[in-house]
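Taking it in order: structure first as structure tokens, then the write-up.
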Amino acid sequence: KQEVTQIPAALSVPEGENLVLNCSFTDSAIYNLQWFRQDPGKGLTSLLLIQSSQREQTSGRLNASLDKSSGRSTLYIAASQPGDSATYLCAVSQISSGSARQLTFGSGTQLTVLP
Amino acid sequence: SQTIHQWPATLVQPVGSPLSLECTVEGTSNPNLYWYRQAAGRGLQLLFYSVGIGQISSEVPQNLSASRPQDRQFILSSKKLLLSDSGFYLCAWSGGTGAQGGQPQHFGDGTRLSIL
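Protein sequence lines, in the order shown, are assigned to chains A and B. Throughout the first sequence, residue numbering follows our numbering, covering 34 to 148 in sequence. Throughout the second sequence, residue numbering follows our numbering, covering -11 to 104 in sequence.
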């Protein structure tokens, strides 16, 4: 059974700092890995999707890497801003039935960027 | 562009009452649809997913059920709610997938369900 772990559970940094969030998974037979952002009381916003054949994806100040063989992914946030404060979730997908892709989520890293 | 709608946003129900949460997707056809629950202090748990009309797969045994009466409509139901059903319910969709890789899942804004 796939298990996804995110470290640290919470992180507080001053504005402008670069930071790294970590995600590890136990079964390397994945199709892709997705990073999400969740604001309090809100749904999830997809940030980046890395296919299993890819090593990294970039969007603006965000860069996500994937090392499938070691079961690890990192989300790098450059020049953090108070608006980046949220819970960040990673999830890996494995085929369940037909074309559906079941996502297994980590429990998230709660990020606070202090002004 | 594709959009996903969930309602209601919040719901307070007594124990033993029925439940119906609705989710609709616009701007795409034949999506894969998902229901997740996020309980306090716990991660997201996949409850049901559907690859087509009338096709429902259950991941967790419980007193909840799901139905997909139309291509872009997904409904989560219960005949009698339990206290343990409290949580944040999220609907998601993804596009069809090819032989390799997969499409990202996109989430609605969620329904906060409180059972009294």
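Ideal Cβ positions, reconstructed from N, Cα and C, are used throughout, including at glycine. Being a predicted model, the structure only gives us computed values, none of them experimental.
Cβ shell of residue i (< 6 Å), same chain only, five flanking positions each side left out
i      : result
B/L21  : S38, F62, W81
A/W68  : L80, L81, A97, L108, C123
A/T145 : S45, S118
B/S53  : S65
A/S57  : T38, G104, R105
B/S102 : V0, S74
B/K68  : G4
A/Q90  : L81, I83, A97
In DSSP terms, what residue i is bridged to
i      : result
B/L21  : B/S38, B/W81
A/E50  : Bridge partners of A/E50: none, in fact.
A/V125 : A/L66, A/T137
A/N96  : A/T91, A/Y109
A/G55  : In the sequence on display, residue 55 of chain A carries Asn and not Gly. Paired residue(s): A/I40, A/T107.
CB contact flag (residue i, residue j, <9 Å)
i      : j      : result
A/Q39  : A/G141 : yes
B/L70  : B/N51  : yes
A/R134 : B/Q93  : yes
A/Q143 : A/I63  : no
B/D97  : A/K34  : no
Contacting residues, own chain, Cβ-Cβ under 7 Å from residue i (five flanking each side not counted)
i        : result
B/S(-11) : G15
A/F138   : V37, L122, A124
Anticipated Cβ contact below 8 Å, residue i with residue j, distance rounded
i     : j     : result
A/L66 : A/S92 : 14 Å between Cβ atoms; not a contact.
B/R60 : B/V13 : 4 Å
B/Q1  : B/L9  : Not a contact, Cβ separation roughly 11 Å.
B/Q33 : B/F76 : That belief does not hold up - the Cβ atoms of B/Q33 and B/F76 are roughly 11 Å apart, past 8 Å.
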